[in-house]
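Enquirer:
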Amino acid sequence: MSLYKSAATAKGVHQEPLRPVAMAFFFLFLALSFSHFLLLTEQFKWVLVTSASITTVVSFTLMLRAQYLSRAWQRIGIVSILLLGTMNSLLHLWLSQSPEQTTNLFLVIIASGIVLSDRLHWVLLVLLNWAGWLIINAVVEMSMMTHFFFALGMSTLLSWFAHLARRKLVSKQVELLQERDIAIAHEHEAIKANEAKSAFLANMSHEIRTPMNGIIGMIEMISRTPLNDRQEEFVATAQRSADSLMFIINDILDFSKIEAGELAIENVEFDLNQFISNVVQEQTFQAQEKGLWLTSKAVGESYTKVVGDPYRLKQIFNNLLSNAIKFTENGGINVSYNVKNEGDALVLSVEIRDTGIGISKSSISGIFDSFSQADMSTTRKFGGTGLGLAITKQLCELMGGEISVASILGQGSTFRFRVKLASPSPGEETTCKETSSEKPTSVTHIETQPSRFKLNVLLAEDNAINQQVMLAMLTNLGVDVDVANDGVEAIDNLIKPKAKHYDLIFMDCQMPNLDGYETTRRIREGHAGDENKNIPIVAITAHAMDSEKQKCLDSGMDEYLTKPIDLLSLKALLAMY
Ligand code: ADP
Numbered sequence: 134m135s136l137y138k139s140a141a142t143a144k145g146v147h148q149e150p151l152r153p154v155a156m157a158f159f160f161l162f163l164a165l166s167f168s169h170f171l172l173l174t175e176q177f178k179w180v181l182v183t184s185a186s187i188t189t190v191v192s193f194t195l196m197l198r199a200q201y202l203s204r205a206w207q208r209i210g211i212v213s214i215l216l217l218g219t220m221n222s223l224l225h226l227w228l229s230q231s232p233e234q235t236t237n238l239f240l241v242i243i244a245s246g247i248v249l250s251d252r253l254h255w256v257l258l259v260l261l262n263w264a265g266w267l268i269i270n271a272v273v274e275m276s277m278m279t280h281f282f283f284a285l286g287m288s289t290l291l292s293w294f295a296h297l298a299r300r301k302l303v304s305k306q307v308e309l310l311q312e313r314d315i316a317i318a319h320e321h322e323a324i325k326a327n328e329a330k331s332a333f334l335a336n337m338s339h340e341i342r343t344p345m346n347g348i349i350g351m352i353e354m355i356s357r358t359p360l361n362d363r364q365e366e367f368v369a370t371a372q373r374s375a376d377s378l379m380f381i382i383n384d385i386l387d388f389s390k391i392e393a394g395e396l397a398i399e400n401v402e403f404d405l406n407q408f409i410s411n412v413v414q415e416q417t418f419q420a421q422e423k424g425l426w427l428t429s430k431a432v433g434e435s436y437t438k439v440v441g442d443p444y445r446l447k448q449i450f451n452n453l454l455s456n457a458i459k460f461t462e463n464g465g466i467n468v469s470y471n472v473k474n475e476g477d478a479l480v481l482s483v484e485i486r487d488t489g490i491g492i493s494k495s496s497i498s499g500i501f502d503s504f505s506q507a508d509m510s511t512t513r514k515f516g517g518t519g520l521g522l523a524i525t526k527q528l529c530e531l532m533g534g535e536i537s538v539a540s541i542l543g544q545g546s547t548f549r550f551r552v553k554l555a556s557p558s559p560g561e562e563t564t565c566k567e568t569s570s571e572k573p574t575s576v577t578h579i580e581t582q583p584s585r586f587k588l589n590v591l592l593a594e595d596n597a598i599n600q601q602v603m604l605a606m607l608t609n610l611g612v613d614v615d616v617a618n619d620g621v622e623a624i625d626n627l628i629k630p631k632a633k634h635y636d637l638i639f640m641d642c643q644m645p646n647l648d649g650y651e652t653t654r655r656i657r658e659g660h661a662g663d664e665n666k667n668i669p670i671v672a673i674t675a676h677a678m679d680s681e682k683q684k685c686l687d688s689g690m691d692e693y694l695t696k697p698i699d700l701l702s703l704k705a706l707l708a709m710y
C-alpha cells in the first residue's frame, strides 16, 4: 500500500505540507522577481522576471487554496511548485551559461527530498533536474562540468536521505493517526456500552418500580384491615421483604444515576451532631440483635450546624454501618468523627472501625469497584449486590472527598471517609431538614399532617393495579377520587357538562392514547377549559431520574411523586392543597 493510500485510510487527517512549501516559494520568488528586475542585465532580465513572477503567482494561489484542496491536488500543487523551481534554475543556467547557477538545482533537489514522500514524484523531479542540467551542459559546453556533477550527485544523495526520513515520518504519522482513530473508536464504544448499561439499569428500575407500587401499596392496604396475629406476622414479613427489594432497586437506580452523571448533591442546613447520633441510633437495633456494641464519638471541634446533603451522607453512613454489622460476628463497631475548617470548606472525617471478619489483601484493592465482593462465599453467606461500596465511594467523591479502607483478615476493618460540607451563611434562616430514610421527592415531609383530606382529585392512570393502590390510599385519606384511564379521558372528565371541580390531578406519565406530559401541556393551553388551565397537577411516575423530574416540570406539572408511592409523601403532598 502506498504511503498516500495508508495516510488516506487514516481518516484523511494527514495533509501534505503544501501551504508551508507554497508560502516559502512565494516569498522566495517574490524577492527574486524584484531583485531580477533591479539587478539583471537587459538581455535576460524580462525572461527571468516573468518566470519568477509566474512562480510567485502560482505559489501564492496555492498557498491561499491549500486548505480547500484534496490530498491528490495538494500533491499536484507541490510537484508543480518544484517543477517551476526547476524550470527557473534551468532558465538561469541556460541564459547565463554560468555553471555556478547549478547551485539553484542543488537547492531544488534537496527541497524535493524534504517535501516529497511519494517515491515516483521524487524520482521524476530529480531526473528532470539532472536531465535539464545535462542537456544544457551538452548544448552550451560549460566549464567545471565534473566539479558540478559531483556536487549534484552529493545533493541527490542528501535529498535521498531526506526523502527516506520524510517517508518514515509520514508512515509514523499515519500509524499514530490510525492508533488514535482506534483509540477514539474504542472510547466511543466504551461510552456507548456504559450508556447502554446505565439506560438498561434505569429502565429495569422503572419496570420493577411499577409492580412494586402494587405490592407495597397492597401490603399497606392489607395491614390496615382487621388481621389475626398470624396474618399480621405474614404481612410484616411481606413488608420487610418488599423493603429489602426496594433497597436493592434504589441502589441500582443510584448507581445508574451516578454513571449517567445525573446524581446532584443538595445543599441544605442540618445539625451534624444530631444527624450522626440519629443515624447511629437507627442502626443500634440491628447491632444489638446480633449482640454487638455500636458506639459513636465526636473528636475535636464540634460544628453543629452545617450545610450539605444529609440524605446522601446518610446513605454513606448506612452502607458502611450495615456492612460493618453484617460482617461482624463478635465485638462491635466504633464510629468516630471530626470536622475541621479547611480553607472555605468544613471537612467531615469519619472512621468506622469494626471487629469483624476483615478483608483479605487480594480482595481489598477492588473493594470499591461496582459489583465486587470480597469472595463468592461472602455472597452466599451474607447476600448483597456488591454495589454499596461503589456507590459510597462515588458519593464521597461527589461531595469533594474520598474513602479508604484498612483491614486485617480475621481481626476487622476500618473504613475512613472525608466529605466537604459548608458552614451556614451568617444571618440565614435555620431550617433543619428532616433526614428520613426515604428521600423526599420535591415534597418535604411535614410531621403534623392531618389524616383526612377534603379534596376532589382526578387520577389519570392506565395501570389497573396502580389505579387500585392509589384509589385505596386516597380514599383511606378521605379524598374523593375519579379515575381516568388515559390523558384523553382525563381531559374529557374535565370538560364534560356538569364536570366536577377538581382540586388536584394525579397524572401518570406513561399512558396510551395521550401520555401525561402531553395531557398536561394541553390542559395548560386551555384544551380542558380556561377554569382548569392552572389546576395543580402532580406527576406519578416510576422513573426516578432527576432528568425525568425536570421533564415533568417542563411539561407544566407542579409536583412529582415516584412510585412506589409512600403514604408519608402522599400525605405531605395532599396537605399542600
Ligand atoms: P454488598 O452489597 O455485597 O455488601 P458492598 O459494596 O457494600 O456490597 O461490599 C462489597 C464487599 O466488600 C462485601 O461483599 C464484603 O465482601 C466486603 N466488605 C464490605 N464491608 C466490609 C466489612 N466491614 N468487613 C468485611 N468485609 C466487608
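Each residue of the sequence shown is one higher than the one before, counting from 134 in the numbering used here.
Positions of the beta carbon are idealized from the N, C-alpha and C atoms, including for glycine.
As the structure is a computational prediction, the values presented were derived from the model and not from experiment.
#1: Tell me which residues share the same chain as I492 and place their Cβ nearer than 8 angstroms to its Cβ, disregarding the 5 neighbours each side in the sequence.
#2: In terms of alpha-carbon separation, which member of E664, E658, A661, R654 lies closest to A672?
#3: Buried or exposed: V191, going by 16 or more other Cβ atoms within 10 Å of its Cβ?
#4: Let me check understanding here. Comparing Cα to Cα, which of N596, L637, L267 lies closest to N346?
#5: Is the closest heavy atom of the ligand ADP to the C-beta of D95 under 6 angstroms?
#6: For G265 and H321, I'd like the C-alpha separation in whole angstroms.
#7: Closest by CA to I624, which one among E594, M351, M603?
#8: Answer with buried or exposed for F158, where buried requires no fewer than 16 other C-beta atoms within 10 angstroms of its C-beta.
#9: Which residue wins for smallest C-alpha separation from L703, given the options R585, C685, D442, M277?
#10: State the start and end residues of the unbroken beta strand (DSSP E) segment that holds T488.
#11: Might you give, ordered along the chain, the residues of its own chain that have their beta carbon closer than 6 angstroms to the beta carbon of Q419, omitting 5 neighbours on each side?
#12: Which residue's Cα is closest to the Cα of E681: P669, I670, T695?
#13: If I'm right that L746 touches T183 with Cβ under 8 angstroms, what's the distance once you round it to whole angstroms?
#14: Roughly how many angstroms lie between the CA atoms of L334 and L386, to the nearest whole one?
#15: Determine the closest residue to N609 out of T279, M354, A332, with distance taken between C-alpha atoms.
#16: Do the CB positions of G441 and L554 come within less than 7 angstroms of each other?
#17: Between I628 and I668, which are expected to be in contact by the criterion C-beta below 8 angstroms, what is the C-beta distance as a whole number of angstroms?
#18: Under 8 angstroms by Cβ, that's how I've got A375 and I348 pegged, so tell me the actual separation to the nearest angstrom.
#19: In the structure shown, what three-state DSSP assignment does A329 receive?
#20: Can you give me the start and stop residues for the alpha helix (DSSP H) that L171 sits inside?
#21: Cβ atoms of R549 and E475: under 7 angstroms apart, would you say?
#22: Would you call S377 buried or exposed, if buried means 16 or more other Cβ atoms sit within 10 Å of its Cβ?
#23: Exposed or buried, which one is V256 when buried takes at least 16 other CB atoms within 10 Å?
#24: Please return the same chain residues whose Cβ sits closer than 7 angstroms to the Cβ of S245, not counting the five positions on each side in sequence.
#25: In angstroms with no decimal places, state the Cα-to-Cα distance between T358 and T674.
#26: Do T370 and L425 have their beta-carbon atoms positioned less than 7 angstroms apart in this structure?
#27: So what's T428 in DSSP terms, helix, strand or just coil?
#28: If I'm right that I598 touches M640 with Cβ under 8 angstroms, what's the distance once you round it to whole angstroms?
#29: Do you know how far the Cα of Y444 is from the Cα of L522?
#30: Identify every run of the beta strand (DSSP E) within the stretch 369 to 433, keeping only runs that are complete inside it and at least 3 residues long; order them along the chain.
#31: Check whether the Cβ atoms of L267 and T219 lie closer than 7 angstroms to each other.
#32: Can you give the Cα-Cα distance for W227 and D251, rounded to whole angstroms?
#33: Closest to F450 by C-alpha separation, out of L405, G489, T488, G464, would be which residue?
#34: Exposed or buried, which one is D699 when buried takes at least 16 other CB atoms within 10 Å?
Expert: Result, derived from the coordinates:
#1: Here residue 492 refers to the residue found at position 359 when the sequence shown is read from its first residue. Excluding sequence neighbours, I492 sits near I500, A507, V538, S540, L542, S546.
#2: Numbered from 1 along the sequence shown, position 539 holds the residue referred to as residue 672. Comparing Cα-Cα distances from A672 to each of E664, E658, A661, R654, the minimum goes to R654.
#3: Sequence index remark: in the sequence shown, residue 191 carries index 58 (1-based). A residue is called buried when at least 16 other Cβ atoms come within 10 angstroms of its Cβ; V191 meets this threshold and is buried.
#4: Numbered from its first residue, the sequence shown carries residue 346 at position 213. With distances taken between Cα atoms, N346 lies closest to N596.
#5: Nothing about residue 95 can be reported from this structure: the residues present for the chain run from 134 to 710 only.
#6: On the sequence shown, position 132 is the one that residue 265 refers to. On the sequence shown, position 188 is the one that residue 321 refers to. Rounded to the nearest whole angstrom, the C-alpha separation of G265 and H321 is 54 angstroms.
#7: For the purposes of this step, residue 624 is identified with residue 491 of the sequence shown, where counting begins at 1. Considering only alpha carbons, the answer is E594.
#8: Taking the sequence shown and counting its residues from 1, the one referred to as residue 158 is at position 25. With 16 or more other Cβ atoms within 10 Å, it is buried.
#9: Within the sequence shown, the letter at position 570 stands for residue 703. Ranking R585, C685, D442, M277 by Cα distance to L703 puts R585 first.
#10: Locating residue 488 in the sequence shown gives position 355, where the first residue counts as 1. Per DSSP, T488 belongs to no beta strand (DSSP E) and is neither H nor E.
#11: Mapped onto the sequence shown, residue 419 falls at position 286. For Q419, same chain residues with a beta-carbon under 6 angstroms away, outside a window of 5 residues either side, are I458 in chain order.
#12: On the sequence shown, position 548 is the one that residue 681 refers to. Out of P669, I670, T695, T695 has the C-alpha closest to the C-alpha of E681.
#13: The requested residue 746 does not occur in the structure, where the chain is confined to residues 134 to 710.
#14: Residue numbering aside, residue 334 sits at position 201 when the sequence shown is read from its first letter. Residue numbering aside, residue 386 sits at position 253 when the sequence shown is read from its first letter. The alpha-carbon atoms of L334 and L386 are separated by roughly 7 angstroms.
#15: In the sequence shown, residue 609 corresponds to position 476, counting from 1. Comparing Cα positions, the closest option is M354.
#16: The sequence position of residue 441 within the sequence shown is 308, counting from 1. The sequence position of residue 554 within the sequence shown is 421, counting from 1. Using a Cβ distance threshold of 7 angstroms, G441 and L554 count as a contacting pair.
#17: Taking the sequence shown and counting its residues from 1, the one referred to as residue 628 is at position 495. Taking the sequence shown and counting its residues from 1, the one referred to as residue 668 is at position 535. With 8 angstroms as the limit, I628 and I668 do not qualify as a contact, their Cβ atoms being about 12 angstroms apart.
#18: Working through the sequence shown from its first residue, we reach residue 375 at position 242. Working through the sequence shown from its first residue, we reach residue 348 at position 215. Indeed they touch by this definition, with Cβ atoms about 5 angstroms apart.
#19: Residue numbering aside, residue 329 sits at position 196 when the sequence shown is read from its first letter. Three-state result, A329: helix.
#20: The residue you call residue 171 lines up with position 38 of the sequence shown. Its alpha helix (DSSP H) spans residues 151 to 172.
#21: For the purposes of this step, residue 475 is taken as residue 342 along the sequence shown, with counting starting at 1. For the purposes of this step, residue 549 is taken as residue 416 along the sequence shown, with counting starting at 1. No, they are not a contact pair.
#22: Residue numbering aside, residue 377 sits at position 244 when the sequence shown is read from its first letter. Looking at its Cβ environment, which holds fewer than 16 other Cβ atoms inside 10 Å, S377 is exposed.
#23: One-based indexing of the sequence shown puts residue 256 at position 123. Exposed: under 16 other Cβ atoms inside 10 Å.
#24: The residue labelled residue 245 in the question sits at position 112 within the sequence shown. So the qualifying residues of the chain are L215, W255, L258, V259, S292.
#25: Numbered from 1 along the sequence shown, position 225 holds the residue referred to as residue 358. Numbered from 1 along the sequence shown, position 541 holds the residue referred to as residue 674. Across the structure, T358 and T674 are spaced so that their CA atoms are roughly 27 angstroms apart.
#26: The residue given as residue 425 occupies position 292 in the sequence shown. The residue given as residue 370 occupies position 237 in the sequence shown. No, the pair does not count as a contact, with Cβ atoms beyond the cut-off.
#27: Along the sequence shown, read from residue 1 onward, the residue named residue 428 stands at position 295. T428: strand per DSSP, three-state reduction.
#28: By one-based count along the sequence shown, residue 598 stands at place 465. By one-based count along the sequence shown, residue 640 stands at place 507. With a Cβ gap of about 17 angstroms, I598 and M640 do not count as contacting.
#29: For the purposes of this step, residue 522 is identified with residue 389 of the sequence shown, where counting begins at 1. For the purposes of this step, residue 444 is identified with residue 311 of the sequence shown, where counting begins at 1. L522 and Y444: Cα-Cα distance of roughly 16 angstroms.
#30: 401 to 404, 426 to 431
#31: Your numbering for residue 267 matches position 134 in the sequence shown. Your numbering for residue 219 matches position 86 in the sequence shown. No, these two residues do not count as a Cβ contact at 7 angstroms.
#32: Within the sequence shown, numbered from 1, the residue matching residue 227 stands at position 94. Within the sequence shown, numbered from 1, the residue matching residue 251 stands at position 118. Cα to Cα, the separation comes out at about 29 angstroms.
#33: Counted from its first residue, the sequence shown places residue 450 at position 317. The candidate whose alpha carbon is nearest that of F450 is L405.
#34: As a position in the sequence shown, residue 699 is number 566, starting the count at 1. Counting other Cβ atoms within 10 Å of its Cβ, D699 reaches 16 or more and is therefore classed as buried.
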